[in-house]
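All letters in the sequence shown, in the order written, are residues 1 to 164 by the numbering used here.
Here is the structure we will look at, set down as structure tokens.
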Amino acid sequence: MIPIRSSRPDDAPALFAVWLAAVRSTHDFLSEEDIGFYADLVRDQYLPAAALLVAVDGDDRPVGFLGMTGRKIDTLFVDPAWHGRGIGRALVARALEGGPELTVDVNEQNGAARAFYRRLGFREVGRSALDDSGRPFPLLHLTLDGLSSMAPDEATRPEPEGLT
């Protein structure tokens, strides 16, 4: 099982590298200009302030991370080289330790993320035409409640390649 720990200030460069690689791999609907806009926010505002769960390799290098506000998943990114190894599931399973109800917003254009959350039992409860920055990237609002929560064995089953 992959180790998961809390983020540390010195993780920021590695976490940003994970974010950038994952976005370039899974967010083909974003232009380089769009990626640059979000990169500035992630690097300069989000990562320095966020308390994250970090999945690390055997050398304690970050390979994925999950951030939350309350019971809402704000971010979940896994290094593409580590896709398909159960890291996303393990991070969500750790988040579920705080209670069976979770919400997440997913870019409508990100089919892999939508499929990932659907496999975990999340269901769509709404849609916004704009993302949190007011840009034209629709968000689907998903929820996982006590009735559809991920079974413990689901947390350790590897996901198909590239779907985190």
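We put the CB at the ideal spot given by N, CA and C, even for glycine.
Given the structure is predicted, the values throughout are model-derived calculations rather than measurements.
C-beta contact flag for residue i and residue j at 8 Å
| i | j | result |
| --- | --- | --- |
| PHE16 | LEU47 | yes |
| THR75 | THR103 | no |
| ASN107 | LEU139 | yes |
| ILE4 | ARG94 | yes |
| VAL42 | TRP19 | yes |
Straight-line Cα distance separating residue j from residue i
| i | j | result |
| --- | --- | --- |
| SER128 | SER25 | 24 Å |
| LEU120 | PRO100 | 12 Å |
| LEU30 | LEU52 | 24 Å |
| PRO136 | HIS27 | 14 Å |
| VAL56 | GLY134 | 33 Å |
| ARG61 | LEU130 | 34 Å |
| THR69 | GLY98 | 12 Å |
| GLN45 | TYR38 | 10 Å |
Opening and closing residue of the alpha helix (DSSP H) in which residue i lies
| i | result |
| --- | --- |
| VAL92 | 87-96 |
| GLY126 | From DSSP, GLY126 is part of no alpha helix (DSSP H) but of the beta strand (DSSP E) over 123-128. |
| ALA14 | 12-26 |
| PHE77 | Not the alpha helix (DSSP H): PHE77 falls in the beta strand (DSSP E), residues 72-78. |
Span of the beta strand (DSSP E), counted from its first residue to its last, around residue i
| i | result |
| --- | --- |
| ARG5 | 4-6 |
| GLY67 | 62-69 |
Classification of residue i by the beta-carbon crowding that lies within 10 angstroms, buried from 16 upward
| i | result |
| --- | --- |
| VAL63 | buried |
| ASP79 | buried |
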